[in-house]
Structure formats: C-alpha cells, structure tokens
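Protein chains in written order, with our numbering: chain A, 3 to 211; chain B, -6 to 109.
See below:
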C-alpha cells in the first residue's frame, strides 16, 4: 500500500485536451473531493498511521446505526465511500477537517491512481492471459483451447498458478505515474493523462507521490 | 455525456470555423512551429470526409500535389489551425468521397453547388 496521502474521487469519463503547443492529450476526468477526514489513526492507538476519509455524502436514514456512531465522531454527515490513506505524519491532520484537490495536487505532478477494473466475467485463456490460440482453418481443429496444462505421471498434477480460463476483471488495479494535466478547483475536477482503471462513475483513489 | 466533460470540451471547441461539407474546396491555414519561428502553411483541397463528434470531430482534405494524391486529416478543434477558408462549394451525392482516390483529372471533377 502506498504510504502517501490521497483523495477519493469518481471517474467521470475521458476526453481530450490541447496543450499550448496544440498537441491533443487524452485525459481522464475525475471528480474528486473535497473529502472529510473521519478519523486519524496513529501508531500508538491503532498500530499504524493513517487518515480515514469519506467521499460522496449519504442520507442519514440510509446509514447503519454502527456507522452513524462512527460518523458522529467527526461531525455527523455520512458518506458512501470510506477509505484510508497511510501517512507518515498523522499529527498534521485532525478529524473533521476537509481535504480538497488543490491542497494535494498541482499541474504537472506525478500521481498514482487506483480503481477497480471492469468485470469481464468468465473468459478463456486467449482474452484472459493472451495465449496465441490455434489456426482458424486448414483443418487445424485447435482454435481457442488452452492446450496442454502440464506433464504426465510425474508430477501427476497441475502446477499451482497455471494460467487457465476463469473470472477476469473486477480487480483492484494501481496505475502508477500518471501526469496531472489540470486541476480545476472550482469544480473539484482533476484531469490526468491517459486512461484510469474502472468504469465511469467508479470509485477512484488518487495518491500523491 | 456528463456535464463536467461538456464544460471542459466547450471551453476548447472552436466555433469560428465556417460551415463546410464534403465536396467543398477549402484552404486550411496551418500554423507550423519551426524552432522558435512560426509560419502559416496553406493546404488546399477537397473535403472528402467529415467525422462528427464533439472534441474528436475531424475532417480530411485531399489534393493532388505534383501528381501525387495527398490527404491530411485535421482535428476540427485543433488550436494550431489558424482558419479554414471555403474556396468553392461542391455538389456531391454522398458523405464520404473516397471514390475520388481512384480517379484523376477530369473524372475527379466535382460539380459546383449553388448556395440558396
């Protein structure tokens, strides 16, 4: 887990932006923050240093009683998403504070972005692991099957971790070293270069570097 | 699309270009940066394709240069394009004029379109 402060956001979608030189840059638009600090965890009391933040306000009647109690400690409002960021210096923060985009990110910064990739369902080895597959015609008879999955009597079993068909996607993916192209504080929007894991409206964590 | 993306795109879109269609003969004024000098190059030809869209809209211009067909595709909202000038308007019966690639000379002519 990256030991840096960050912010929570929602992937809005992709578009393109022109640089000063007139070069088109593909960007992902993320609506992020402001996030409220719900709890400050420290080495002494919790065994590790972290900041717990909330994102996307949730109606009170939709919050469970235990979570209501937890939200009460930082002022009341509840959130759909609650995540932690490991930090070195938790003393700098205080429960009830809000973290906004412009506090953490500037244009040109390098950031890491984490999201949950789109679920692809049960997929074969060609799509899931990039296997080559067989010939399509000329009586080949071997099309998209995985082929041999191991040896015979010795070892008499399939090796652990053998790449086979199965569920693909829906994994947490950390994409590293993306460039911040623009920070629009008035809209709470950040533009990062290139694609970001997950579907639109998915939860995104942006880490400082 | 989302309101946020619409807003970001609206800021960059160029609404100063004249209306033009496939079949029109246009002059595209391209600003070219060489070292630290900047000059304008003109690319004149027939619009053979217009791709619709918001930020990703584009158009393709074809011309015959020294006997060789040359096509250039430009992004409609590219800020490096100084201006587009419509030289003449052509009457064509399809939206993609790829058939011009296999024709040259007299066969590649396009009838003039009168503007109502």
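Ideal Cβ positions, reconstructed from N, Cα and C, are used throughout, including at glycine.
From a predicted model like this one, the values you see are computed outputs, not experimental measurements.
Taking all protein chains shown into account, residue 90 of chain A has fewer than 16 neighbouring C-beta atoms within 10 Å of its C-beta and is therefore exposed.
Leaving aside the five residues that flank residue 90 of chain B on each side, the residues in its chain whose CB is nearer than 6 angstroms to its CB run, in chain order, 15 and 41. Residue-level contact by beta carbon holds for residue 2 of chain B and chain A, with a gap shorter than 7 angstroms. Among the residues facing chain B, residue 17 of chain A is included, as its CB has a counterpart in that chain under 7 angstroms away. For residue 69 of chain A, the CB contacts under 7 angstroms within the same chain, skipping 5 residues up- and downstream, are 80 in chain order. Taking 7 angstroms as the CB threshold, residue 191 of chain A lines the interface with chain B.
Judged by DSSP secondary structure, residue 106 of chain A falls within the alpha helix (DSSP H) whose first and last residues are 103 to 106. Only residues of its own chain outside the window of five on either side were considered, and among them 100 and 102 have a CB closer than 6 angstroms to the CB of residue 36 of chain A, listed in chain order. At a beta-carbon threshold of 8 angstroms, the residues of chain B lying near residue 33 of chain A are -3, ordered along the chain.
Its Cα nearest to that of residue 103 of chain B, the residue B/38 stands out among B/38, B/25 and B/72. About 32 angstroms separates the beta carbon of residue 177 of chain A from that of residue 160 of chain A, a gap too long to meet the 8 angstroms contact definition. Under the Cβ criterion of 7 angstroms, residue 8 of chain B is not counted among the residues facing chain A. When the five nearest sequence neighbours on each side are left out, the beta carbons in the same chain lying within less than 7 angstroms of the beta carbon of residue 51 of chain B are those of 44, 66, 67, 68 and 69, in order along the chain.
Between the C-alpha atoms of residue 20 of chain A and residue 5 of chain B there is a straight-line separation of about 8 angstroms.
Within chain A, the residues whose beta carbon sits less than 8 angstroms from that of residue 5 of chain B are 19 and 20, listed in sequence order.
The beta-carbon separation of residue 200 of chain A and residue 129 of chain A, rounded to 18 angstroms, does not stay under the 8 angstroms limit for a contact. Close to chain A, meaning a Cβ-Cβ distance shorter than 9 angstroms, are the following residues of the stretch 60 to 85 of chain B: 68, 70, 71, 72, 73 and 74. In the DSSP assignment, residue 37 of chain A is bridged to A/101.
By the Cβ criterion, the stretch 30 to 44 of chain A is in contact with the stretch 5 to 17 of chain A, since at least three pairs of Cβ atoms, one from each stretch, lie closer than 8 angstroms. Counting along the chain, residue 57 of chain A sits inside the beta strand (DSSP E) bounded by residues 52 to 60.
By the rule that beta-carbons nearer than 7 angstroms mark a contact, residue 24 of chain A touches chain B. Taking each of A/210, A/43 and A/203 in turn and checking the Cα distance to residue -5 of chain B, the smallest one comes out for A/203.
Residue-level contact check: residue 109 of chain A does not touch chain B, since none of the beta carbons of chain B fall below 7 angstroms from its beta carbon. Using a Cβ-Cβ distance cut-off of 8 angstroms, the stretch 146 to 161 of chain A and the stretch 121 to 135 of chain A are in contact, since at least three pairs of beta carbons, one from each stretch, lie closer than that value. Think of a sphere of 9 angstroms around the beta carbon of residue 101 of chain A: no beta carbon from chain B falls inside it, the nearest being about 20 angstroms out.
Take the alpha-carbon of residue 82 of chain A and the one of residue 44 of chain A: they are about 24 angstroms apart. In this structure residue 26 of chain B is exposed. Its beta-carbon is surrounded by fewer than 16 other beta-carbon atoms within 10 angstroms.
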